[in-house]
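Okay, so here's the structure we're looking at.
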Amino acid sequence: MSVYPQISIIWVDSDPNIYRSTEHDVDIVVAANRNIVQKQVIDRLNAQLNRRVILIGIAGPSGCGKTTYAKHLSQYLGSPIPLMSLDNFFTKPIYIDHPILGRIKSLEQPETLNISGFMSSLHQIKREWARTPFDQLNPVAEKSNPIYIVVEGFLLFALSNDVTSMFDIRIFLDFT
């Protein structure tokens, strides 16, 4: 369990008050164009999180733009590693019968997800990037440049509390 604050953000097209109830574990609700508010939100997060490695999780329904937004955010933040996607941890496709499309291939089936492999990868990434050398002659510079690692997936925050608690920043996109 992290001793640092964890921050949850929801970007919505709908009424933001829906997500401000006590049922949702959300710190920031933004009802605006996500590109416009991105810098202001990240600046606010930097002020609250004093960490070397900041793990950002982006979740939301299929087709809402998670991967596209995650790629842009990763580039914007200068992430040193490629975007990590939960899709890469599905072990096999399942074929389902769709009422209109017929028999289709689906990768988004929880029973085919390698959760232990996913968690192991997250732990390894955080551990390796946290060990970057500390500049003893300029410790302020080291602290002012956190490393952001962006992870996206539609089930990201529904897998388990262990997975959810690994993320320092949790973003749920509700754009349909």
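Sequential numbering of the sequence shown, starting at 529, is according to the numbering used here.
Idealized CB from N, CA, C, for every residue including glycine.
These figures come from a predicted structure and were not determined experimentally.
Between the segment 603-610 and the segment 623-632, the count of C-beta pairs closer than 8 Å stays below three; the two stretches do not touch. Taking 8 Å as the upper bound for CB-CB distance, residue 581 and residue 674 are in contact here, some 7 Å apart. Here the C-alpha atom of residue 641 lies approximately 13 Å from the C-alpha atom of residue 691. Apart from the 5 residues on each side of it in sequence, residue 647 sits with its Cβ closer than 8 Å to the Cβ of 690, 691, 694 in its chain, given in chain order.
Inclusion of residue 585 and residue 684 in the CB contact set at 8 Å is warranted, their separation being smaller than that value. Between the alpha carbons of residue 595 and residue 617 lies a gap of roughly 15 Å. Here DSSP, grouped into helix, strand and coil, assigns residue 609 to coil. The bridge partners DSSP lists for residue 634 are 622. Within the same chain, Cβ atoms closer than 6 Å to the Cβ of residue 657 are found at 581, 675, the five residues on either side in sequence being excluded.
Straight-line spacing of the CA atoms in residue 697 and residue 598 works out to 13 Å. Spanning the alpha carbons of residue 653 and residue 619 requires a straight line of approximately 21 Å. For the pair residue 634 and residue 655, the Cα-to-Cα distance works out to about 32 Å.
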